[in-house]
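Read the structure below first, then the notes.
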Amino acid sequence: MKREQLEVYFIMGSQNVKSNEPLAVLEKALQAGVTIFQFREKGADARTGQAYEDFARACQKLCQKYTIPFIVNDDIELALKLDADGLHIGQDDLSVKEARKRIGEKILGVSVHTMSELEVAIQFDTDYVGIGPIYGTKSKDDAKPATGTRFLNQVATNYPSLPIVGIGGITPENTHEVIRAGGDGVAVISAICESEDIQATVQLFKINK
Ligand SMILES: Cc1ncsc1CCOP(=O)(O)O
Ligand SMILES: C=C1C=NC(C)=NC1=N
Ligand SMILES: [Mg+2]
1 MKREQLEVYF
11 IMGSQNVKSN
21 EPLAVLEKAL
31 QAGVTIFQFR
41 EKGADARTGQ
51 AYEDFARACQ
61 KLCQKYTIPF
71 IVNDDIELAL
81 KLDADGLHIG
91 QDDLSVKEAR
101 KRIGEKILGV
111 SVHTMSELEV
121 AIQFDTDYVG
131 IGPIYGTKSK
141 DDAKPATGTR
151 FLNQVATNYP
161 SLPIVGIGGI
171 TPENTHEVIR
181 AGGDGVAVIS
191 AICESEDIQA
201 TVQLFKINK
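Quick look at the structure:
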């Protein structure tokens, strides 16, 4: 994975797209030029069983149509079953060591909040780290307090060759702060899912870097 591929990292599950059709939102985001996609289907009304798998496959198929990496959040079984391009895990999911062993050469992304979590991620050859929430977010009900860009900047400074994506409350208006602090890109849910003009919003993330 090249670090430029983290530029506009779209994350979505059906729970993030209340009114519209999730696949239509995903296709618009792909047409608009998001550079990587994460399937993150979680929460009370998340799809389950066959509907969950079918929805994941439909998202994967769209990503293949636009040759954009398809990453699965948390669910390593699904990632392996679909032969996804990668897996993203948090600290409360399976261990980085276990994940790297089981997914082999696929893209492995890890959420980190402390230097010690970062060192473990690096030890097992993580492809990128997700750092946040940078700003307040309403898309993750158990999110930690917003940290601003301080920790992200610390990591970027100490590990210049490690690809980093910032996440949490990121919009076209504040994305430049995340990039200036050392992020290779920004991971976004609501600013794109709730946009009236997805094409324009995605372009703004690219212009406002
Ligand atoms: C998954 C996740 N991890 C930290 S904040 C967050 C949600 C980001 O969503 P939004 O871009 O809508 O703030
Ligand atoms: C929590 C997360 C942090 N970073 C990324 C890229 N995805 C996530 N789900
Ligand atoms: Mg998780």
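For the sequence shown, the UniProt record's numbering puts the final residue at 209, and the numbers step up evenly by one. Idealized CB from N, CA, C, for every residue including glycine.
Euclidean distance between Cα positions of residue 149 and residue 139 | In this structure, the straight-line span from the alpha carbon of residue 149 to that of residue 139 is close to 19 Å.
Would residue 41 be called buried (16 or more neighbouring beta carbons within 10 Å of its own) or exposed?
-> When all chains shown are included, residue 41 counts as buried.
Would you tell me roughly how many angstroms separate the C-alpha atoms of residue 72 and residue 12, rounded to the nearest one?
-> Computed Cα separation, rounded: 10 Å.
Out of 116, 115, 120, 168, which has the shortest C-alpha to C-alpha gap to residue 141?
-> Nearest in C-alpha terms to residue 141, of all of 116, 115, 120, 168, is 168.
Rounded C-alpha distance that separates residue 110 from residue 95 | Straight-line Cα distance between these residues: approximately 10 Å.
With distances taken between CB atoms, is the gap from residue 85 to residue 69 smaller than 8 Å?
-> A contact, by the Cβ cut-off of 8 Å.
Relative to ligand 2, is the shortest distance from any of its heavy atoms to the C-beta of residue 130 smaller than 7 Å?
-> Yes, ligand 2 has a heavy atom inside 7 Å of this Cβ.
The segment 187 to 198 touching the segment 156 to 171, judged by at least three CB pairs closer than 8 Å = Look at the beta carbons and you see the segment 187 to 198 touching the segment 156 to 171: at least three pairs across the two are nearer than 8 Å.
Which residue spans inside the segment 152 to 209 form an unbroken alpha helix (DSSP H) run of at least 4?
-> You should have 175 to 180, 190 to 193, 198 to 207.
Cα-Cα separation between residue 58 and residue 51, rounded to whole angstroms = Each residue's alpha carbon lies about 10 Å from the other.
Indicate whether residue 176 and residue 144 have their beta-carbon atoms separated by less than 8 Å.
-> Taking a C-beta distance under 8 Å as the contact criterion, residue 176 and residue 144 do not qualify as a contact pair.
Tell me residue 108's beta-bridge partners as DSSP assigns them.
-> Under DSSP, the beta-bridge partners assigned to residue 108 are 87.
Paired residues, beta bridge with residue 120 - DSSP = Under DSSP, residue 120 forms no beta bridge with any residue.
Looking at the unbroken beta strand (DSSP E) that takes in residue 5, where does it start and where does it end?
-> Note, residue 5: premise wrong, no beta strand (DSSP E); not H, not E.
Mind checking who residue 135 pairs with in its DSSP beta bridge?
-> Under DSSP, residue 135 forms no beta bridge with any residue.
May I ask you to report which of helix, strand or coil DSSP gives residue 49?
-> Correct three-state label for residue 49: helix.
How about residue 76: is its Cβ closer than 7 Å to a heavy atom in ligand 2?
-> Residue 76 Cβ: outside cutoff for every heavy atom of ligand 2.
Going straight from the alpha carbon of residue 118 to that of residue 61, what length do you get?
-> One C-alpha to the other measures close to 32 Å.
Does the Cβ of residue 123 have 16 or more other Cβ atoms within 10 Å, making it buried, or fewer, making it exposed?
-> So residue 123 ends up on the exposed side.
Under the assumption that residue 204 contacts residue 172 (Cβ atoms under 8 Å), give the Cβ distance between them as a whole number of angstroms.
-> Sure, about 4 Å apart at Cβ, within 8 Å.
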